[in-house]
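S.K.: Pasting in a structure now, in structure tokens, and then I'll have a few things to ask.
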Amino acid sequence: MELEERVAELERRMAALEAGGRDVPPVGEGDFWALEGLKARLAEAGAADGGVLFTGAVRLPTGERYEWQYGVPAERQFADDWSEAAESFAALGHPVRLRLLREIVGGRRTAAELAALEEIGTTGQIYHHLRQLTGAGWLHTAGRGRYEVLPGRVVPLLAALAAARQP
40 MELEERVAEL ERRMAALEAG GRDVPPVGEG DFWALEGLKA RLAEAGAADG
90 GVLFTGAVRL PTGERYEWQY GVPAERQFAD DWSEAAESFA ALGHPVRLRL
140 LREIVGGRRT AAELAALEEI GTTGQIYHHL RQLTGAGWLH TAGRGRYEVL
190 PGRVVPLLAA LAAARQP
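So in my numbering, spot 136 of the sequence shown is number 175, and the numbers just go up one at a time.
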């Protein structure tokens, strides 16, 4: 890479850091391209009641990349048994479990690494939380006591966290 390119890249990274680490501009008026695309697709499919779309493309602090998209017609959402989601929501409903997920996504993957964290609890408590998250489908064991967020759950987890923070 030439010196000019390297300097330009450093300046871009510095500007992103100074802007709070945001590489994506804020959504403004007229920036609803995903929503407009969803509405067009729903109209083509004849989904008169609308629908919901979740999508994302992320790179974890560990360098892993995930792309995911899921859409569902509103009619089906209204007809489904919402209580089936209770276990998944319950697993996310504990601050220590959310911290464990954040740490695992960030690269701490073994029970020993997680147990070394402050304010997480005893080893027994940690294993209890890991079992809850595994049972609800948020985690899986990757061998040798390593835990990972399931690839198909990384973006949904981030979407759920973003939705929970909305006013």
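We put the beta carbon where it would ideally sit given N, CA and C, even for glycine.
1. Can you list, in chain order, the stretches of the alpha helix (DSSP H) that have 4 or more residues and sit fully within the segment 107-157?
2. With contact counted as at least three CB pairs below 8 Å, one residue from each stretch, are the segment 166-180 and the segment 130-148 in contact?
3. Identify whether Arg170 lies in helix, strand or coil by the three-state DSSP scheme.
4. Count the other C-beta atoms from every protein chain shown that fall within 10 angstroms of the C-beta of Val193, then say buried if there are 16 or more, exposed otherwise.
5. By how many angstroms is the C-alpha of Leu153 removed from the C-alpha of Gly76?
6. Near Tyr105, what residues of its chain come up, given a Cβ to Cβ distance below 7 Å and the 5 sequence neighbours on each side ignored?
7. Taking the straight line between their C-alpha atoms, what separation do you get for Tyr109 and Ser127?
8. Are the beta-carbon atoms of Trp177 and Ala130 separated by less than 8 Å?
9. Using the rule of at least 16 other Cβ atoms within 10 Å of the residue's Cβ for burial, across every protein chain shown, is Arg185 buried or exposed?
10. Just to confirm, is the Cβ distance from Ala113 to Asp88 under 8 Å?
11. One question on the structure: do Ile143 and Val188 come within less than 8 Å of each other, judged by their Cβ atoms?
M.R.: Let's see:
1. Here the runs fully enclosed are 113-118, 125-131, 134-144 and 150-154.
2. Verdict: yes, contact present.
3. Helix, per DSSP.
4. When all chains shown are included, Val193 counts as buried.
5. Here the alpha carbon of Gly76 sits roughly 41 Å from the alpha carbon of Leu153.
6. Exclusion of the five residues before and after Tyr105 leaves Val97, Pro190, Val193 and Val194 as the residues of its chain whose Cβ lies within less than 7 Å of its Cβ.
7. Straight through space, the alpha carbons of Ser127 and Tyr109 are spaced by roughly 17 Å.
8. A distance below 8 Å separates the beta carbons of Trp177 and Ala130.
9. Exposed: under 16 other Cβ atoms inside 10 Å.
10. Closer than 8 Å, so yes.
11. Going by C-beta atoms, Ile143 is nearer than 8 Å to Val188.
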